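K.L.:
The listed protein sequences derive, respectively, from chains A and B.
When we follow the UniProt record's numbering, the leftmost residue of the first sequence carries the number 1, and every step to the right adds one.
When we follow the UniProt record's numbering, the leftmost residue of the second sequence carries the number 1, and every step to the right adds one.
Using N, Cα and C, we set each Cβ at its ideal position, and we do this for glycine too.
For clarity, every value in this text was computed on a predicted model and none was experimentally measured.
Provided herewith is a single structure, encoded as structure tokens, for subsequent inquiry.
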Amino acid sequence: MAAPGAAGGGRSGASAAEWGGFEDNMQVGSGRGRRRAAGPGRVSADAVSAPAQGGGSAVIDMENMDDTSGSSFEDMGEMHQRMKEEEEEEADGEAGAGEEEDGEFLGMKGLRGQLGRQVADQMWQVGKRQASRAFSLYANIDILRPYFDVEPVQVRARLLESMIPVKMINFPQKIAGELYGPLMLVFTLVAILLHGMKTSDTIIREGTLMGTAIGTCFGYWLGVSSFMYFLAYLCNAQITMVQMLSLLGYGLFGHCITLFVTYNIHFHSLFYIFWLVVGGLSTLRMVAVLVSRTVGHTQRLILCGTLAALHMLFLLYLHFAYHKVVEGILDTLEGPNMPPFQRVARDIPVVSNAVLNTTAKAIALTL
Amino acid sequence: FPGLADVSIAQDIPVEGEITVPVGSQSPDEDYSTLDEPVKDTIMRDLKAVGKKFVHVMYPRKSSALLRDWDLWGPLVLCVSLALMLQGGSADSKDDGGPQFAEVFVIIWFGAVVITLNSKLLGGTISFFQSLCVLGYCVLPLTVAMLVCRLVLLAGAGTVSFIIRLIVVGAMFGWSTLASTAFLADSQPPNRKALVVYPIFLFYFVISWMILTFTPQ
């Protein structure tokens, strides 16, 4: 008696408390089982107040819990069918489980819309809660907050340190896992690149200058960091991803200085000197730090060779890919007549450019 | 105060009065009144708010009006007008006319978002949209500089015009940076102001550079 009662009660009473949890269902089912004689008009009250009664069957008959959740259309169809069944069974005059279900359904007829709405409401609440929890978990910028906890003096000290190679490589060197400095350096590099591209008359057909600059710089920083982290993982080096990002980011300081100078003073030899000296210093620093954290000659060689190659080649690439004016300007200075301004920097007037170049040339000659 | 020690009410005096609290019927009326008012009033009110903020930017004082009632109309208008004026300044104006507009738009909004995130991560107390609002409004001096540059370029594109443009753009760049710093740096812990000012400096520097290197074809 209890089991079919529980099943029958669970079937229709479940639609009110279905989302409330299985305990409610069990209690409603047990409540239903005891109140067989209740009339149709009191079904909803029972279904709502039943959870107060405890101790029903612990087994919930899942196959009888149909999922006519919020859809009044489905309820309508079922109700229609049940009404037919009820008419047939009424003729028998037998109060079976079906009649009770019909009674309940008929009793809920007036409230069907409200039930549907309630269930829809509950679904919405659950969905909203889950979405907001997921959002606050993943899109929380507070995850990044500890990496931005720096003072200006620290940033300045680290910028200067990035050009000074360490001597002690037998002891793992400390790397600050900070992201503010590297991020600002990447943006500065983007700005300098933009300046270089504009002055060298670079025409980008597919896309914008800004997109290319941002893509290049961020792609280098994130991509090479990830690749080096992967290599470090293979070579068993003691370095985390944030530290790698930070190390490479600060290494871009040398790039910024070099490009800032050589985008304005167009001289091949000057660029090569800067490339070797400034680029070399920052590469040596990064290499020394990595060596201090790796064990084994082969691993050290792999890691440091890759990093040095990528770092220096990136500087070379930045200079030559976005800076097509070098030959034009040198020709301009060599020849007595100024050729027409086809390949001259289109926006800095020739005067200031020529002044800068002449000065640099004069200094080089006197040295 | 001995006189106030005894403030009890005598038991035999009945206390009487009105319990009903007059319901403030003003708020629903206000809602209806802003719906029913003529469109001109709504637009004028918004325009006046935007205009007041422009004045705040041009004469930066430490007032919180810009921060309290933030709106993004002003930044949108400034951004669009700057992007429109910066069009057509490339070698092949047929190819680069489109991306120029998108470039300026993206630079301004993406840059403003990055600066806001940065200031929030550094421990700032200002909200996201307030910061966007301030940064957008402080583009006003640079828009004025762009207008002046275009007028100067109408006269000719020589050394003198370059020097004039350099001075004007430089001055406006400094004004923009100072104005936005006056609003934003207050919301930071005092020893980290430089960390917040640098990205703002870079942001306005890029915009100024785009304005200075603009030559119409």
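1) Thinking C-beta only, is methionine 228 (chain A) closer than 8 Å to glycine 279 (chain A)?
2) Nearest to aspartate 69 (chain B) by alpha carbon, out of B:Cys79, B:Ser81, B:Lys52?
3) Report yes if the CB atom of phenylalanine 187 (chain A) is closer than 8 Å to the CB atom of leucine 202 (chain B), and no otherwise.
4) If you measure from the beta carbon of arginine 145 (chain A) to each beta carbon in chain B, is any gap under 8 Å?
5) Do you know offhand how far glycine 124 (chain B)'s Cα is from arginine 133 (chain A)'s?
6) Please check if any C-beta of chain A sits within less than 8 Å of the C-beta of isoleucine 107 (chain B).
7) Using a Cβ-Cβ distance cut-off of 8 Å, determine whether phenylalanine 201 (chain B) contacts chain A.
8) Anything in the stretch 103 to 132 of chain B with a Cβ closer than 7 Å to a Cβ of chain A? List those residues in chain order, please.
9) Thinking C-beta only, is leucine 194 (chain A) closer than 8 Å to leucine 252 (chain A)?
10) Does DSSP put glutamate 18 (chain B) in a helix, in a strand, or in coil?
11) Does DSSP classify phenylalanine 203 (chain B) as helix, strand or coil?
12) So for aspartate 69 (chain B), helix, strand or coil by DSSP?
13) At what residues does the alpha helix (DSSP H) containing threonine 159 (chain B) begin and finish?
14) Which whole-angstrom value describes the C-beta separation of leucine 245 (chain A) and leucine 179 (chain A), a residue pair presumed to lie in contact below a C-beta threshold of 8 Å?
15) Give the interface partners of tyrosine 198 (chain B) over in chain A, defined as CB-CB distance under 8 Å, in chain order.
16) How big is the Cα-Cα spacing for leucine 67 (chain B) and valine 55 (chain B)?
17) Of all Cβ atoms in chain B, is any one closer than 8 Å to the Cβ of histidine 266 (chain A)?
18) Run through chain B and tell me which residues come within less than 7 Å of histidine 195 (chain A), C-beta to C-beta.
19) Mind the definition here: the stretch 158 to 166 of chain B touches the stretch 129 to 144 of chain B only if three or more C-beta pairs lie below 8 Å; say whether that holds.
20) Near residue 220 (chain B), which residues of its chain fall below 7 Å by C-beta distance, leaving aside the five closest residues on each side in sequence?
21) Which of helix, strand or coil does DSSP assign to isoleucine 126 (chain B)?
22) Mind reading off the beta-carbon distance from proline 38 (chain B) to isoleucine 115 (chain B)? Whole number of angstroms is fine, and I expect it under 8 Å.
23) Around the Cβ of glycine 219 (chain A), are there at least 16 other Cβ atoms within 10 angstroms (buried) or fewer (exposed)?
24) Contact between the stretch 154 to 162 of chain B and the stretch 73 to 87 of chain B is defined here as three or more beta-carbon pairs at a separation below 8 Å; is this criterion met?
25) I'd like to know if the stretch 160 to 174 of chain A and the stretch 289 to 300 of chain A are in contact, where contact means that at least 3 CB-CB pairs between them fall below 8 Å.
26) I want to verify the contact list: residues of chain B whose CB lies under 9 Å from the CB of threonine 216 (chain A), in sequence order.
27) For tyrosine 263 (chain A) and chain B, any beta-carbon pair shorter than 8 Å?
28) By how many angstroms is the C-alpha of valine 80 (chain B) removed from the C-alpha of threonine 317 (chain A)?
29) Looking at the C-beta of threonine 213 (chain B), does it have a partner C-beta in chain A at a distance below 8 Å?
30) How many Å lie between glycine 170 (chain B) and serine 208 (chain B) at the Cα?
31) Consider the Cβ of leucine 142 (chain B): report whether some Cβ of chain A lies at a distance smaller than 8 Å.
32) My guess is that phenylalanine 205 (chain B) and leucine 86 (chain B) are in contact by the Cβ rule of under 8 Å, so how many angstroms apart are they, rounded?
33) Cβ closer than 8 Å: which chain A residues qualify as neighbours of leucine 82 (chain B)?
34) Could you spell out the range, first to last residue, of the alpha helix (DSSP H) harbouring threonine 143 (chain B)?
35) Can you tell me which of the three DSSP states aspartate 149 (chain A) falls into?
36) Within 8 Å of any Cβ in chain A, is that where the Cβ of arginine 45 (chain B) sits?
P.N.:
With the given structure in hand:
1) Numbered from 1 along the first sequence, position 279 holds the residue referred to as residue 279 (chain A). Numbered from 1 along the first sequence, position 228 holds the residue referred to as residue 228 (chain A). No, they are not a contact pair.
2) Residue numbering aside, residue 69 (chain B) sits at position 69 when the second sequence is read from its first letter. For aspartate 69 (chain B), the nearest C-alpha among the options comes from B:Lys52.
3) On the first sequence, position 187 is the one that residue 187 (chain A) refers to. On the second sequence, position 202 is the one that residue 202 (chain B) refers to. Yes, they are a contact pair.
4) Within the first sequence, residue 145 (chain A) is the residue found at index 145, counting from 1. It does: the Cβ of arginine 145 (chain A) has a partner Cβ on chain B nearer than 8 Å.
5) Numbered from 1 along the second sequence, position 124 holds the residue referred to as residue 124 (chain B). Numbered from 1 along the first sequence, position 133 holds the residue referred to as residue 133 (chain A). Their Cα atoms are separated by approximately 24 Å.
6) The residue labelled residue 107 (chain B) in the question sits at position 107 within the second sequence. Interface residue, yes.
7) Taking the second sequence and counting its residues from 1, one reaches residue 201 (chain B) at position 201. Phenylalanine 201 (chain B) does not count as touching chain A.
8) Glu103, Val106, Ile107, Leu117, Lys120, Leu121, Leu122
9) Against the first sequence, residue 252 (chain A) aligns to sequence position 252. Against the first sequence, residue 194 (chain A) aligns to sequence position 194. No; because the gap between Cβ atoms is not below 8 Å, this pair is not in contact.
10) On the second sequence, residue 18 (chain B) is found 18 positions in, with the first residue counted as 1. Coil at glutamate 18 (chain B), not helix or strand.
11) Reading the second sequence from its first residue, position 203 is the one you call residue 203 (chain B). Correct three-state label for phenylalanine 203 (chain B): helix.
12) As a first step, residue 69 (chain B) must be located in the second sequence, where it is residue number 69. Of the three classes helix, strand and coil, the one that applies to aspartate 69 (chain B) here is coil, per DSSP.
13) Walking along the second sequence from the start, residue 159 (chain B) turns up at place 159. Threonine 159 (chain B) -> alpha helix (DSSP H) spans 159 to 184.
14) Counted from its first residue, the first sequence places residue 245 (chain A) at position 245. Counted from its first residue, the first sequence places residue 179 (chain A) at position 179. Confirmed, about 7 Å.
15) For the purposes of this step, residue 198 (chain B) is taken as residue 198 along the second sequence, with counting starting at 1. The contacting residues are Met184.
16) Here residue 67 (chain B) refers to the residue found at position 67 of the second sequence. Here residue 55 (chain B) refers to the residue found at position 55 of the second sequence. Rounded to whole angstroms, the separation of the alpha carbons of valine 55 (chain B) and leucine 67 (chain B) is 14 Å.
17) By 1-based counting over the first sequence, the position of residue 266 (chain A) is 266. Not one chain B Cβ lies under 8 Å of histidine 266 (chain A).
18) By one-based count along the first sequence, residue 195 (chain A) stands at place 195. Under the 7 Å cutoff, chain B gives Trp209.
19) The stretch 158 to 166 of chain B, when compared against the stretch 129 to 144 of chain B, does not touch it at the 8 Å Cβ threshold.
20) The structure shown has nothing for residue 220 (chain B), since chain B only spans 1 to 217.
21) Taking the first residue of the second sequence as position 1, residue 126 (chain B) is located at position 126. Isoleucine 126 (chain B) falls in the coil class under three-state DSSP.
22) Taking the first residue of the second sequence as 1, we reach residue 38 (chain B) at position 38. Taking the first residue of the second sequence as 1, we reach residue 115 (chain B) at position 115. The pair is not a contact, with the Cβ atoms about 39 Å apart (cut-off 8 Å).
23) Mapped onto the first sequence, residue 219 (chain A) falls at position 219. The residue in question, glycine 219 (chain A), is exposed, as its Cβ has fewer than 16 Cβ neighbours within 10 Å.
24) no
25) These segments touch.
26) As a first step, residue 216 (chain A) must be located in the first sequence, where it is residue number 216. One finds nothing in chain B with a Cβ atom closer than 9 Å to the Cβ of threonine 216 (chain A); even the nearest lies about 15 Å away.
27) To locate residue 263 (chain A), count along the first sequence from 1; it is residue 263. With 8 Å as the cut-off, tyrosine 263 (chain A) does not count as an interface residue toward chain B.
28) Taking the first sequence and counting its residues from 1, one reaches residue 317 (chain A) at position 317. Taking the second sequence and counting its residues from 1, one reaches residue 80 (chain B) at position 80. According to the sequence shown, residue 317 (chain A) is tyrosine rather than threonine. If I take the Cα positions, the gap works out to 34 Å.
29) Start at 1 with the first residue of the second sequence, and residue 213 (chain B) comes out as number 213. Contact of threonine 213 (chain B) with chain A is assigned, a C-beta pair being separated by under 8 Å.
30) If you number the second sequence from 1, residue 170 (chain B) lands on position 170. If you number the second sequence from 1, residue 208 (chain B) lands on position 208. In this structure, the straight-line span from the alpha carbon of glycine 170 (chain B) to that of serine 208 (chain B) is close to 8 Å.
31) Residue mapping note: residue 142 (chain B) aligns to position 142 of the second sequence, counting from 1. Not an interface residue.
32) The residue labelled residue 205 (chain B) in the question sits at position 205 within the second sequence. The residue labelled residue 86 (chain B) in the question sits at position 86 within the second sequence. So it is not a contact: roughly 16 Å between Cβ atoms.
33) What you label residue 82 (chain B) is simply residue 82 of the second sequence in a count that begins at 1. Those within 8 Å of leucine 82 (chain B) in chain A number zero; the least Cβ separation is about 14 Å.
34) Against the second sequence, residue 143 (chain B) aligns to sequence position 143. Threonine 143 (chain B) -> alpha helix (DSSP H) spans 140 to 155.
35) Position 149 of the first sequence, counted from the start, is the residue given in the question as residue 149 (chain A). Looking at aspartate 149 (chain A) - three-state DSSP - the assignment turns out to be coil, as it is neither helix nor strand.
36) By 1-based counting over the second sequence, the position of residue 45 (chain B) is 45. No, arginine 45 (chain B) does not count as interfacial toward chain A.
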